[in-house]
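Peer 1:
In full-length UniProt numbering, the protein residues as written are 1 to 395.
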């Protein structure tokens with residue numbers, strides 16, 4: 001009997017976080033599909049290791065902030081057209097776009113125009129619940145199904161008349177062993193050893209520009225107030241040398257760690273955290289680490305976001321920490337520029353460094369968060385996502 005023809009799956013991602021999701025999805029598709037699978041598209045090193053060389057490097061399009069995007073716009077437009085043409089010519093059975101909507105949605109829209117019967121799946125819902133909710137209705141014209149990482153997003157898309165959606169689980173819920181301290185790994189507070197304070201200024205150069213020095217001043221304030229801490233700063237490898245150089249003169253110097261294993265070990269041992277807004281705040285919450293969240297916007301984004309807040313219906317949230325948004329409460333204090341005085345951040349951190357009601361309230365909220373985010377059948381997030389993709393592709 002002849003071998004069945006491969007299922008042709010096109011995947012398009014725009015940055016490293018999408019590459020991680022894409023690689024897990026590819027592994028799950030290969031594991032669950034009754035047919036062999038051929039992959040094609042744009043990804044990173046992890047997706048290449050699963051069998052999909054990228055059409056070009058993600059570095060060409062993985063930029064954040066309005067200023068950097070404008071500077072790279074001609075190349076991004078070139079890569080968008082290149083990706084669209086290549087996917088159309090390959091004629092897949094299903095197209096999966098992953099995150100980075102400014103890039104991936106343009107590709108999906110143009111592919112849909114050329115291949116109107118091709119199923120299109122969006123893995124990671126754009127934050128229509130936060131701003132520009134009108135995007136949800138527009139998505140329905142070129143996206144058939146959204147795989148969401150946050151449990152409230154399918155209901156939001158339905159309310160906004162967006163595409164059908166399935167909560168497939170956040171990949172973090174598949175890693176309890178990474179997030180849960182072993183006995184003795186997170187020493188009790190008050191045992192004569194300073195608490196471990198995780199210092200997380202961000203993983204992008206622009207975030208380091210805006211947050212690192214501020215966090216050094218927060219450590220100064222804590223020290224002046226007599227609050228001894230052991231600061232640990234998990235950093236991405238490409239920024240380690242810069243962070244070491246810029247923290248060398250701090251009065252309270254952090255221990256800098258790199259790599260996934262050391263990062264998760266730091267999370268399991270950490271007692272509190274000072275974190276820049278982003279996925280890391282959800283990681284901290286699922287690890288049970290009480291946190292203070294801060295974010296300083298780049299100047300152009302600050303102007304645009306302040307203008308946007310004055311337009312009715314354009315901005316729909318009063319919180320920006322992911323765990324807070326999921327819980328519907330400000331479990332972790334949040335500070336946004338221009339409200340980023342080191343003294344105010346230190347005031348919010350101080351109660352988290354000992355056994356206080358404020359600390360206990362965050363720990364209890366994070367326990368509820370884990371229950372909210374759990375999938376009812378206990379299935380891995382990537383397997384749940386792969387099952388939806390296979391169904392839409394007709395296997």
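The C-beta atom is built at its ideal place from N, Cα and C for all residues, glycine as well. Remember, it's a predicted structure, so these values are computed and weren't measured experimentally.
Would residue 360 and residue 329 qualify as a contact pair, given that the criterion is a beta-carbon distance under 8 Å?
Peer 2: no
Peer 1: Return helix, strand or coil for residue 83, following the three-state DSSP convention.
Peer 2: helix
Peer 1: Could you tell me the boundaries of the alpha helix (DSSP H) in which residue 269 lies?
Peer 2: 260-269
Peer 1: For the structure I just gave you, are there three or more beta carbon pairs, one from the region 138-150 and one from the region 225-237, closer than 8 Å?
Peer 2: no
Peer 1: Say whether the region 324-339 touches the region 287-295, bearing in mind that this needs 3 or more beta-carbon pairs closer than 8 Å, one atom from each stretch.
Peer 2: yes
Peer 1: Would you call the CB atoms of residue 397 and residue 157 closer than 8 Å?
Peer 2: Nothing can be reported for residue 397: it is not among the residues displayed for the chain, which extend from 1 to 395.
Peer 1: On a Cα-Cα basis, can you pick out the residue from 278, 296, 164, 274 that is closest to residue 122?
Peer 2: 164
Peer 1: Report the rounded CA-to-CA distance for residue 125 versus residue 162, giving the unit in angstroms.
Peer 2: CA-to-CA, the gap between residue 125 and residue 162 works out to about 11 Å.
Peer 1: Is there contact here, the region 269-285 with the region 193-208, by at least three beta-carbon pairs under 8 Å?
Peer 2: Cβ pair count under 8 Å is three or more, so yes.
Peer 1: In whole angstroms, what is the alpha-carbon distance linking residue 24 and residue 382?
Peer 2: Using only the alpha carbons, I get a separation of about 6 Å.
Peer 1: Across which residues does DSSP place residue 215 in a beta bridge pair?
Peer 2: Among the bridge pairs identified by DSSP, residue 215 is matched with none.
Peer 1: State the beta-bridge partners of residue 122 as determined by DSSP.
Peer 2: 97, 146
Peer 1: Give me, in chain order, the residues of the same chain whose beta-carbon lies closer than 8 Å to that of residue 35; leave out the 5 immediate sequence neighbours on both sides.
Peer 2: 4, 5, 6, 7, 395
Peer 1: Kindly identify the DSSP beta-bridge partner or partners of residue 291.
Peer 2: Note: residue 291 sits in a beta bridge opposite 273.
Peer 1: For residue 207, collect the residues of the same chain with a Cβ closer than 7 Å to its Cβ; drop the 5 residues on either side in sequence, then sort them by chain order.
Peer 2: Spatial neighbours of residue 207 in its own chain (CB-CB distance under 7 Å, excluding positions within 5 residues in sequence) are listed in chain order as 201, 276.
Peer 1: With DSSP as the reference, identify every bridge partner of residue 441, one or two as the case may be.
Peer 2: With the chain running from 1 to 395 in the structure shown, residue 441 is simply not present.
Peer 1: Tell me whether residue 339 is buried or exposed, calling it buried when 16 or more other Cβ atoms sit within 10 Å of its Cβ.
Peer 2: exposed
Peer 1: Compare the beta carbon distance of residue 283 and residue 172 with 8 Å and say whether it is the shorter of the two.
Peer 2: yes
Peer 1: Select from 48, 49, 99, 43 the residue whose C-alpha is nearest the C-alpha of residue 83.
Peer 2: When each option's Cα is compared against that of residue 83, the closest is 43.
Peer 1: Take residue 380 and list the residues in its own chain whose beta-carbon comes closer than 6 Å to its own, dropping the five residues that flank it on each side.
Peer 2: Take residue 380, set aside five residues on each side of it, and the residues of its chain with a beta-carbon closer than 6 Å to its own are 174, in chain order.
Peer 1: Among 255, 56, 326, which residue has its Cα nearest to the Cα of residue 234?
Peer 2: 255
Peer 1: Taking the Cβ atom as the reference point for each residue, do residue 183 and residue 372 lie within a distance shorter than 8 Å?
Peer 2: no
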